[in-house]
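S.K.:
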Amino acid sequence: MFAEPSHVLNDRKIDPKKALARGGRDPIKKVFVGGLPPEFPLEDIKEYFGKFGKVIFFKFVAALLCIII
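In terms of this note's numbering, the sequence shown opens at residue 133 and continues consecutively.
1) Between lysine 149 and valine 163, which are expected to be in contact by the criterion C-beta below 8 angstroms, what is the C-beta distance as a whole number of angstroms?
2) Return the residue from the list Arg154, Gly166, Ala151, Gly155 that minimises the CA-CA distance to serine 138.
3) What residue does the beta strand (DSSP E) around leucine 168 start on, and which one ends it?
4) Could you check the C-alpha separation between alanine 135 and lysine 183 for me, to the nearest Å?
5) What distance in whole Å lies between the Cβ atoms of leucine 168 and isoleucine 146, which are believed to be in contact at a cut-off of 8 angstroms?
Rendered as structure tokens:
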């Protein structure tokens with residue numbers, strides 16, 4: 133997912149960022165995505181990010197979307 137130069141979902145440019153583990157722990161499989169409003173269709177999100185791995189959980193946190201793959 134991060135090797136791709138840009139991501140567009142339903143004609144909206146989105147900005148996924150890999151979450152970093154605190155304290156040097158093992159990397160976590162969490163992605164934060166900016167650029168999506170909370171009313172964005174959840175099925176579209178799951179379908180798009182499902183191309184990169186199984187989507188286990190996602191929720192909107194403030195203005196960001198948190199996805200666990």
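The beta-carbon is built from N, C-alpha and C at its ideal position, and this holds for glycine as well.
M.R.: On the basis of the data shown:
1) 7 angstroms
2) Gly166
3) Careful: leucine 168 lies outside any beta strand (DSSP E) and carries neither H nor E.
4) 13 angstroms
5) 6 angstroms
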